[in-house]
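Undergrad: Going letter by letter, the sequence shown gives residues 3 to 272 in our numbering. Ideal Cβ placement from N, Cα and C applies to all residues, glycine included.
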Amino acid sequence: MTKRSLTGVLLAVLLVMGATRTAFAGFPRIPNQKCGPDAVVAGTVCLDMYEASVWRVPNPTTTNLVLVKKIQLGAATRADLVAGGATQLGTTRDDYAPCADNGRNCVNDIYAVSLPSETPSAYITWFQAQEACANAGKRLPTSAEWQVGANGTPDPGPDDGINDCNSASGSVSRTGARSRCVSARGASDMAGNLSEWVADWAPRSTICVSWGSISNDFLCLAGAAETGSGPGALLRGGAFNDGPQAGPLAVDGGTEPFRATDVYGFRCAR
Numbered sequence: 003m004t005k006r007s008l009t010g011v012l013l014a015v016l017l018v019m020g021a022t023r024t025a026f027a028g029f030p031r032i033p034n035q036k037c038g039p040d041a042v043v044a045g046t047v048c049l050d051m052y053e054a055s056v057w058r059v060p061n062p063t064t065t066n067l068v069l070v071k072k073i074q075l076g077a078a079t080r081a082d083l084v085a086g087g088a089t090q091l092g093t094t095r096d097d098y099a100p101c102a103d104n105g106r107n108c109v110n111d112i113y114a115v116s117l118p119s120e121t122p123s124a125y126i127t128w129f130q131a132q133e134a135c136a137n138a139g140k141r142l143p144t145s146a147e148w149q150v151g152a153n154g155t156p157d158p159g160p161d162d163g164i165n166d167c168n169s170a171s172g173s174v175s176r177t178g179a180r181s182r183c184v185s186a187r188g189a190s191d192m193a194g195n196l197s198e199w200v201a202d203w204a205p206r207s208t209i210c211v212s213w214g215s216i217s218n219d220f221l222c223l224a225g226a227a228e229t230g231s232g233p234g235a236l237l238r239g240g241a242f243n244d245g246p247q248a249g250p251l252a253v254d255g256g257t258e259p260f261r262a263t264d265v266y267g268f269r270c271a272r
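1) Could you give the first and the last residue of the continuous beta strand (DSSP E) run that contains Leu-49?
2) Are Asn-66 and Gly-92 touching if we call contact CB-CB under 8 Å?
3) Secondary structure at Val-59, three-state DSSP: helix, strand or coil?
4) According to DSSP, Val-42 sits in a beta bridge with which residue or residues?
5) Please return the same chain residues whose Cβ sits closer than 7 Å to the Cβ of Asp-96, not counting the five positions on each side in sequence.
6) Tell me which same chain residues have a C-beta within less than 7 Å of the C-beta of Ser-181, skipping the five on either side of it?
7) Which residue's Cα is closest to the Cα of Gln-130: Val-150, Pro-100 and Gly-159?
8) How many angstroms separate the CA atom of Arg-272 from the CA atom of Pro-246?
9) When the distance is taken between beta carbons, is Asp-219 closer than 8 Å to Asp-157?
10) Is it right to say Glu-133 is buried, meaning 16 or more other beta carbons lie within 10 angstroms of its own, or is it exposed?
11) Whose C-beta lies closer than 7 Å to the C-beta of Leu-16 among residues of the same chain, with five residues either side of it excluded?
12) Helix or strand or just coil, what does DSSP make of Asp-82?
13) Taking the straight line between their C-alpha atoms, what separation do you get for Tyr-52 and Arg-58?
14) Kindly list the residues whose CB is nearer than 7 Å to the CB of Ile-32, restricted to its own chain and excluding five residues on each side of it in sequence; keep chain order.
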């Protein structure tokens, strides 16, 4: 084969390889099945192992840039956060301002962190939760992604107040404290404790039923509201006051995304 012919063959091979890469670029990719120490593998995403605690980090783009990078890598500890002067928000009240209910003024301000033995942050709107995840290099999981992470979580019956899922205590538990409330993939507190915002919105529901013979978890996705000021952002899992109706199939589409109470929290995914 002549030098000119060999060059032509090599060029053809390179063109085919480039076309193949382009053709497959749009296909779903299975990520490296190694997640950070703060997360579990849930299908094609890394889902936070714990409900989020939200921290305000001072000087995030200057003196605390290294701390922010650790948060984004899922490697920050409570000691790291305290050493950086970060303060936890949403444990007893809505204290996220100047980060507003609609998500304004939240960039480089509040950060979602997945840590064990923390009081998970509540009193947070969907918009604020979305921003806290984004600042941490993550996002809210979709309802389907959340479901993959929740599968295998024991469906609450009576709450023993110690090890079972926190569905009837009347107050939030520290993350991971309920040792029997762990999913098949290793995520804690996906039934009870805090109802968790997920990415999906739907027409705001006005009717709650159950799953019938499948489960007694509540199912609030019917009866679209004809009045009101917004759609329903989905909340999953139920909270510490929902009793047996909390669980890995519990879904509530009856809450506008700018609402915040002591039972609304979240976790992130990447």
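TA: With the given structure in hand:
1) From DSSP, the beta strand (DSSP E) with Leu-49 extends over 47-50.
2) no
3) coil
4) Leu-49
5) Tyr-125 and Ala-262
6) Asn-165.
7) Pro-100
8) 30 Å
9) Yes; because the gap between Cβ atoms is below 8 Å, this pair is in contact.
10) buried
11) Confidence is the limiting factor: at Leu-16 the pLDDT is only 38, short of 50, which leaves the residue's position unreliable, though a coordinate-based value still follows. If we look at Leu-16 and ignore the five residues flanking it on each side, it has no Cβ neighbours.
12) helix
13) For Tyr-52 and Arg-58, the distance between alpha carbons rounds to 18 Å.
14) Note that Ile-32 has pLDDT 47, beneath the 50 cutoff, so the model's placement of it is unreliable and no number is given.
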